[in-house]
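Reading through the structure tokens given below for one structure.
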Amino acid sequence: MPELSIELIDDEILDAGDGIHIPRSWVAVVTGLPDIPGAVRAHVVYDPTLRRAAAESIRVDRSGQGDEVTTTLLRDLRVQAIVKWAAARVVRIDGDLSEPETYGQYLARLRADESRSEEQNLREAVRLYRLASVINDGPLKLVSEQLGISVSTATRMMNRARVAGLVDEATGREVLVQAREQQLREQFTGPVVRSRPSGPSIGR
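With this note's numbering applied, the sequence shown corresponds to residues 2 to 205, in that order.
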């Protein structure tokens, strides 16, 4: 079973927008990955240009004699999955509480709250979208899963948020493209059925 530990968290915490805060950098150490003989050390940073967490460097340490680091091993390494898992561990969300929440705390509270108004749901959709973008997850997928709606409905919600001026310019452009793509898909396939809740794919 893969295990994750976080080291060397930068003291500087960046505001990634929509109540999402993340350290400037940190080191993720992953052990127990299938077919990886040893530990993977990923130096992860929040890149303001990409507007998400990204791997700055990756190192694989063999566990001991008889093991080796090969090109095949490196090719099969799921770097983005490690970045997502680690970013979800260090990100913090300004919710309705006095203290910022962890990724897990925020999602659990969101799923338990069934009293939100339509406007509150729209604002949570915006926050979920930004959260997913920051940690390298699928934004519309996270909105769909956590609000219990279809991907097509999540797309329409985010488009309404764009029209209402609830998202920044970069997110607005992205949402506009996704809305157009969703319209084209639905013309040929019909609405997309909502998926089940999930989180980072490793070590949830």
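We put the CB at the ideal spot given by N, CA and C, even for glycine.
Rounded to the nearest angstrom, the Cβ distance from valine 135 to isoleucine 23 is 6 Å, consistent with a contact under 8 Å. Contact between the segment 81 to 90 and the segment 45 to 63 is established, with three or more Cβ pairs separated by less than 8 Å. DSSP places alanine 17 within a strand segment (E or B) once states are collapsed to three. A residue is called buried once 16 or more other Cβ atoms fall within 10 Å of its Cβ, and arginine 181, having fewer, is exposed.
In the three-state scheme derived from DSSP, where H, G and I count as helix and E and B as strand, threonine 154 is classed as helix.
In this structure glutamine 147 is in contact with leucine 129, their Cβ atoms being roughly 6 Å apart against a cut-off of 8 Å. Beyond the five residues adjoining it in sequence on each side, aspartate 138 comes within less than 6 Å, by CB distance, of Lys85 in the same chain, given in chain order.
Within the same chain, and ignoring the five residues on either side of serine 58 in sequence, the residues whose Cβ sits closer than 6 Å to its Cβ are His44. Measuring C-alpha to C-alpha distances from aspartate 16 to each of Asp48, Ser6 and Pro38 identifies Asp48 as the nearest.
A straight line joining the alpha-carbon of leucine 143 with that of isoleucine 21 spans about 15 Å.
Around the beta carbon of alanine 171, fewer than 16 other beta carbons lie within 10 angstroms, which makes this residue exposed. Taking 7 Å as the cut-off, the Cβ atoms of leucine 5 and valine 28 do not count as close.
DSSP, read as helix, strand or coil, puts arginine 128 in helix.
In the three-state DSSP reduction, serine 6 falls in the strand class (E or B).
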